[in-house]
Amino acid sequence: MKVLMLGWEFPPFSSGGLGTHCYNITRALSKRGVDVTFVMPGSSDDVHSDFVRIISAGKQKLIKVGVSLKPYLPSLPITAARNSRVSNDKVYGYGFFEDVRRYTEMASQAVRDVDCDVIHCHDWMTFPAGIRAKEEKEKPLVVTVHSTEFDRSGSLCPNPWISDIEWKGMYHADRVITVSRYMKNQIMERYGVPGDKIEVVHNSIDMGRYSKRKIRFGLDEKIVLFLGRLTLQKGPDYFLRAAKRVLDNYKSVRFIVVGTGDMLPQLIDSSINMGISNRVIFTGFQEEIDDYYRMADLYVMPSVSEPFGITALEAMASETPVIVSRQSGVSEVVNHKLSVDFWDVDELASKMLGTLRYECVRREMGSNGHREVSRMSWLDVADRTMEVYSETMKCHPAG
Amino acid sequence: MPSICIYFQVHQPMRLRGFSAFDIGKSREYFDSDKNRFYLERVSRKCYLPTNRRILELISKTDGRFRFSFSITGILLEELERGFPKVLDSFRRLVDTGSVELFNETYYHSLAYLVSEREFREQVKLHREKLWDIFGVKPRIFRNTEAMYGNDVARLARRMGFRGIVAEGLSHVLGWRSPNYLYTPPDSDIRVFLRNYKLSDDIGFRFSCREWPEWPLTADKYANWLSRAGGDVVNIFIDYETFGEHQWQETGIFDFLMHLPQEVLEHEGLQFMTPSEILKAKTPVGVYDVPYLTSWADVHRDLSAWLENSMQQQAFSEVKALEPLVRRRKHLLDAWRKLQTSDHFYYMCTKWFADGDVHKYFNYYETPYDAFLNFMNILTDLKSRVQKKPKPSYSAPNNKPGYYST
């Protein structure tokens, strides 16, 4: 089976779930004997990979385009911060829409001679190129929706130009994959995609990287961790308000906020206003996030809308107990966690307090959660994805 | 042929309110009366009322030859008295037929045996008094919560005046021997009634399981098995909620029940007997020696469903530690005892959680961690109330600040 995959990030050019997903799924697919050609913006010089052929879409010309093709700027925790060429004053840079158009052109040219049985796109920026490839090659198109404009904007003022491309991609696709049932419901409701066209394939985790060995924080205090882009979608403001409630009742705890984003100044302000600034550490963007999981006594993911939430699995892989928002995909797949509605700050604070107070609940949740995620495998994701490929190849008139 | 000894366990826990860490110290109610009412209404409608009605019919159809026992927990009786008098009446009518024997247990369906002997004795006494008040009956058979059993439990039950006790008939204790006889513990003459787990679980767990080769289970097939079971007495001990709630009406469980007595009585020599009748008719054949504690729960048949992981152990040890303090605050005794109910600890069990089996089915919490945290919040509140100094009795009723200052 030959797959042409269009993505826009791949480690180390990665800002979160999508890059992790692309890296792991191409690796698992190639283990299953699938021939994957991966197209991404930017230079491929830094990508060390011997299991997937990577085509840089227009290497020379696209370096700049590739750099800009990051929808979360400037709030990107991983790649954006180290790139000084990007102006930091707008979420979507001035040339961004033009870049998407150019990516579509370049990618279409680059894949013209690529032979494949199925085309697979990840998120909206690759959709126009995917649709064009489908028309030219007359091969089935599968799109994976990792998040929608509604999630990213926290449902406030979604950009209609983007949501329109998303709709078109799902419309032209033969099958749509979502990373959770939560997400499936969202796109059925918001984009009118029929339910039987959507397949849910949950994300997974590769355990090898994570260590259970805890890192002790210098001070004799508990650590509660938030990790993610500081945007409305991730709910960092709910985290701080819950932190305040906890600190009113429990003194020896420190809250660490890892990541950056457009809400950072506002969050710093509010921590000062609430009088908890001496208890909250804003680290900014960090490259080595694994150590934070190992340092934390509790990981909290209070997202307003989280298509999946791979960080919760990463925390669990580090034997760290987690509280996740019910408005997330990950809460569907793991049992050994606590969950709350993101808006219920009291409930969140109550569960944080309980977890901090009782060592036994941290131990049980940590070790059971670790066992639970260690049974997961990206190979299962690859198998489920291949089933979807086969179905579309069966039905497609050209296939 | 053996006598058939059927006993139904009837119990509903007092479900706890969602109790946030911020509710501690605000003297909020611990028990969720709405939720309890909801579950009790449902189980009454689906199980207690229809099953009681059918069984009453069966007793009169067989001229009282269909005989069995109930063990109804004190907290359930209390709730029925308070809000469901009709359901209580239907139980009373059954007991009045004389075909139904009642067992004594801990009033709160609790782990009191593990708290202290004094606490255990008091809870058994409370249940005994309740049974006397409602049914006018003095039980002779004892069943500990979830059939928690060991030589020491049996000896203590004998000292408290019981003639028989319920236990799980465990193959690893019995060895080659059959559970279908009366046994005694090594150092007491109390009779041990051993649950035949194979035949009991055929109804309780496997009845509606289509992967089971014996499905569908019919009354005549089951009666045949009973007739070939051998021994003196076959003890079929199951949850009463099997009828209509664990096994829905649609599985045919009521048809099975309605035909079973007739089918059993058609076999010559096969008859129903209550434990007290068996005590008179049969003699023990050997010693059932359990120097530790067993139960009828899960596949391990030990205490691990309630007291295995560190959350369960911490929660229980904190409950236990409160005893001397609570005894000085009589008005909090009842709440403390309701927290000893085994179900609260069962909800914290993580053993089977990931596999989504019965623990999850019976659990009204999302996860065992929620169960633990909620329980601990309530316990912490109780602890703070227990530790508070009692109000001085001489204080003026309207003791506002500045009351005496002029």
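Chains as they are written, first to last, in our numbering: chain A, 2 to 400; chain B, 65 to 470. The C-beta atom is built at its ideal place from N, Cα and C for all residues, glycine as well.
Worksheet item: Which value, in whole angstroms, describes the spacing of the CA atoms of Lys-215 of chain A and Ser-319 of chain A?
Response: Residue 215 of chain A sits at position 214 when you count from the first residue of the first sequence. Residue 319 of chain A sits at position 318 when you count from the first residue of the first sequence. So the alpha carbons of these two residues sit roughly 8 Å apart.
Worksheet item: Using a Cβ cut-off of 9 Å, which residues of the region 350-365 of chain A contact any Cβ in chain B, in chain order?
Response: Ala-350, Ser-351, Lys-352, Met-353, Leu-354, Gly-355, Thr-356, Arg-358, Tyr-359, Glu-360, Cys-361, Val-362, Arg-364, Glu-365
Worksheet item: Gly-233 of chain B and Asn-299 of chain B: beta carbons closer than 9 Å?
Response: Taking the second sequence and counting its residues from 1, one reaches residue 233 of chain B at position 169. Taking the second sequence and counting its residues from 1, one reaches residue 299 of chain B at position 235. Contact flag set, yes.
Worksheet entry | Buried or exposed (CB count within 10 angstroms, at least 16 for buried), Leu-157 of chain A | Counting from one through the first sequence, the residue named residue 157 of chain A turns up at place 156. It is exposed - the Cβ of Leu-157 of chain A has fewer than 16 other Cβ atoms within 10 Å.
Worksheet item: Can you tell which of B:Tyr-245, B:Phe-72, B:Leu-80, B:Pro-432 has the C-alpha that lies nearest to the C-alpha of Arg-207 of chain B?
Response: As a working note, residue 207 of chain B is residue 143 in the second sequence. Checked all of B:Tyr-245, B:Phe-72, B:Leu-80, B:Pro-432; the closest Cα to Arg-207 of chain B is B:Phe-72.
Worksheet entry | Where the beta strand (DSSP E) containing Thr-149 of chain A begins and where it ends | As a position in the first sequence, residue 149 of chain A is number 148, starting the count at 1. Here Thr-149 of chain A belongs to no beta strand (DSSP E), and DSSP marks it neither H nor E.
Item to complete: Anything in chain A within Cβ reach of Ser-374 of chain B, meaning under 7 Å, just list it in chain order.
Response: The residue you call residue 374 of chain B lines up with position 310 of the second sequence. Going along chain A in sequence order, the residues near Ser-374 of chain B (Cβ under 7 Å) are Cys-361, Arg-364, Glu-365.
Item to complete: Name, please, each residue of chain A whose Cβ falls closer than 8 Å to the Cβ of Leu-403 of chain B.
Response: The residue labelled residue 403 of chain B in the question sits at position 339 within the second sequence. Contacts between Leu-403 of chain B and chain A, judged by CB atoms closer than 8 Å, are missing: the closest CB pair is about 16 Å apart.
Practice prompt. Thinking Phe-320 of chain B and Leu-281 of chain B are a contact (beta carbons under 8 Å), I'd like their distance in whole angstroms, please.
Written response: Indexing the second sequence from 1 puts residue 320 of chain B at position 256. Indexing the second sequence from 1 puts residue 281 of chain B at position 217. Yes, they are in contact, since the Cβ atoms of Phe-320 of chain B and Leu-281 of chain B sit about 7 Å apart, within 8 Å.
Worksheet item: Is DSSP giving Ser-368 of chain A helix, strand or coil here?
Response: Within the first sequence, numbered from 1, the residue matching residue 368 of chain A stands at position 367. Three-state DSSP puts Ser-368 of chain A in a helix.
Practice prompt. Mind reading off the beta-carbon distance from Val-188 of chain B to Tyr-352 of chain B? Whole number of angstroms is fine, and I expect it under 8 Å.
Written response: As a first step, residue 188 of chain B must be located in the second sequence, where it is residue number 124. As a first step, residue 352 of chain B must be located in the second sequence, where it is residue number 288. Not a contact, Cβ separation roughly 21 Å.
Discussion item. Under 9 Å, Cβ to Cβ, is there at least one residue of chain B near Lys-338 of chain A?
Written reply: Taking the first residue of the first sequence as position 1, residue 338 of chain A is located at position 337. Judged by the 9 Å Cβ criterion, Lys-338 of chain A is in contact with chain B.
Worksheet entry | Beta-carbon contacts of His-408 of chain B that lie in its chain and below 8 Å, excluding the five residues immediately before and after | For this step, residue 408 of chain B is matched to residue 344 along the second sequence. Excluding residues within five positions, the ones whose Cβ falls inside 8 Å are Pro-77, Leu-80, Ala-379, Ala-435, Phe-439.
Worksheet item: Whose Cβ in chain D lies nearer than 7 Å to the Cβ of Asp-347 of chain A?
Response: Going by chain labels, chain D is absent from the structure shown, which instead holds the protein chains A and B.
Item to complete: Find the nearest neighbour of Arg-411 of chain A within the set A:Arg-133, A:Cys-117, A:Val-225, judged by alpha-carbon distance.
Response: Nothing about residue 411 of chain A can be reported from this structure: the residues present for chain A run from 2 to 400 only.
Worksheet item: Should Leu-120 of chain B and Leu-144 of chain B be called a contact, given that it needs their Cβ atoms to be closer than 9 Å?
Response: Position 56 of the second sequence, counted from the start, is the residue given in the question as residue 120 of chain B. Position 80 of the second sequence, counted from the start, is the residue given in the question as residue 144 of chain B. No. Outside cutoff.
Worksheet item: alpha helix (DSSP H) containing Asp-407 of chain B: first to last residue?
Response: Here residue 407 of chain B refers to the residue found at position 343 when the second sequence is read from its first residue. That run of the alpha helix (DSSP H) goes 406-410.
Practice prompt. Please state whether DSSP places Asp-153 of chain B in a helix, a strand or coil.
Written response: Mapped onto the second sequence, residue 153 of chain B falls at position 89. In the structure shown, Asp-153 of chain B sits in a helix (DSSP, three-state: H, G or I).
Worksheet item: Would you call the region 307-323 of chain B and the region 201-215 of chain B touching, i.e. three or more CB-CB distances under 8 Å?
Response: no
Worksheet item: Ile-311 of chain A lies in the alpha helix (DSSP H); which residues open and close that run?
Response: Within the first sequence, the letter at position 310 stands for residue 311 of chain A. Going by DSSP, Ile-311 of chain A is part of the alpha helix (DSSP H) stretching over 311-318.
Worksheet item: Relative to chain A, which residues along the region 432-458 of chain B have a C-beta separation below 8 Å, given in chain order?
Response: Pro-432, Tyr-433, Asp-434, Phe-436, Leu-437, Met-440, Asn-441
Practice prompt. Check distances from the C-beta atoms of the region 337-362 of chain B to those of chain A and list, in chain order, the residues that come in under 7 Å.
Written response: none
Fill in: Gly-428 of chain B, enclosing alpha helix (DSSP H) - first and last residue
Start at 1 with the first residue of the second sequence, and residue 428 of chain B comes out as number 364. The identity of residue 428 of chain B in the sequence shown is Tyr, whereas the question assumes Gly. Unbroken run through Tyr-428 of chain B: none, as it is neither H nor E.
Practice prompt. Please check if any C-beta of chain B sits within less than 9 Å of the C-beta of Asp-274 of chain A.
Written response: Working through the first sequence from its first residue, we reach residue 274 of chain A at position 273. Inspection of the sequence shows that residue 274 of chain A is occupied by Asn rather than by Asp. Answer no: the Cβ-Cβ gap between Asn-274 of chain A and chain B never drops below 9 Å.
Worksheet item: How close, in whole Å, do the beta carbons of Glu-327 of chain B and Ala-283 of chain B come, if the pair is a contact with beta carbons under 8 Å?
Response: Within the second sequence, numbered from 1, the residue matching residue 327 of chain B stands at position 263. Within the second sequence, numbered from 1, the residue matching residue 283 of chain B stands at position 219. Glu-327 of chain B to Ala-283 of chain B, Cβ: 4 Å. Contact.
Item to complete: For Thr-284 of chain A, name the three-state secondary structure that DSSP assigns.
Response: Here residue 284 of chain A refers to the residue found at position 283 when the first sequence is read from its first residue. Three-state DSSP puts Thr-284 of chain A in a strand.
Worksheet item: Just how far apart, CA to CA, sit Ile-26 of chain A and Pro-42 of chain A?
Response: If you number the first sequence from 1, residue 26 of chain A lands on position 25. If you number the first sequence from 1, residue 42 of chain A lands on position 41. Distance between the alpha carbons of Ile-26 of chain A and Pro-42 of chain A: 18 Å.
Item to complete: In the DSSP assignment, find the beta strand (DSSP E) that holds Cys-69 of chain B and state where it starts and stops.
Response: The residue you call residue 69 of chain B lines up with position 5 of the second sequence. That run of the beta strand (DSSP E) goes 67-74.
Practice prompt. May I have the straight-line CA-CA distance separating Leu-19 of chain A from Gly-285 of chain A, to the nearest angstrom?
Written response: Residue mapping note: residue 19 of chain A aligns to position 18 of the first sequence, counting from 1. Residue mapping note: residue 285 of chain A aligns to position 284 of the first sequence, counting from 1. Cα to Cα, the separation comes out at about 21 Å.
Worksheet entry | Partners in chain A for Glu-430 of chain B, counting only beta-carbon separations shorter than 7 Å | In the second sequence, residue 430 of chain B corresponds to position 366, counting from 1. Chain A residues near Glu-430 of chain B: Ser-340.
Worksheet item: Where does Gln-328 of chain A sit, in a helix, a strand or coil, going by DSSP?
Response: Start at 1 with the first residue of the first sequence, and residue 328 of chain A comes out as number 327. In this structure, Gln-328 of chain A counts as coil in the three-state DSSP scheme.
Worksheet item: Taking the beta strand (DSSP E) that Phe-132 of chain B falls in, what are its first and last residues?
Response: Position 68 of the second sequence holds residue 132 of chain B. Unbroken beta strand (DSSP E) run through Phe-132 of chain B: 132-136.
Fill in: Close-in-space but distant-in-sequence residues of the same chain around Gly-89 of chain B (CB under 8 Å, 5 per side omitted)
Looking up residue 89 of chain B in the second sequence gives position 25. Asp-445, Ser-448, listed in sequence order.
Worksheet item: Between the Cα of Val-179 of chain B and the Cα atoms of B:Pro-114, B:Glu-382, B:Leu-113, which residue gives the shortest distance?
Response: Taking the second sequence and counting its residues from 1, one reaches residue 179 of chain B at position 115. Answer by Cα proximity: B:Glu-382.
Worksheet item: In the structure shown, what three-state DSSP assignment does Thr-27 of chain A receive?
Response: As a first step, residue 27 of chain A is located in the first sequence; it is residue number 26 there, counting from the start. Three-state result, Thr-27 of chain A: helix.
Discussion item. Please give me, in chain order, every unbroken run of the beta strand (DSSP E) with length at least 3 that falls completely inside the region 239-286 of chain B.
Written reply: 246-248, 255-259
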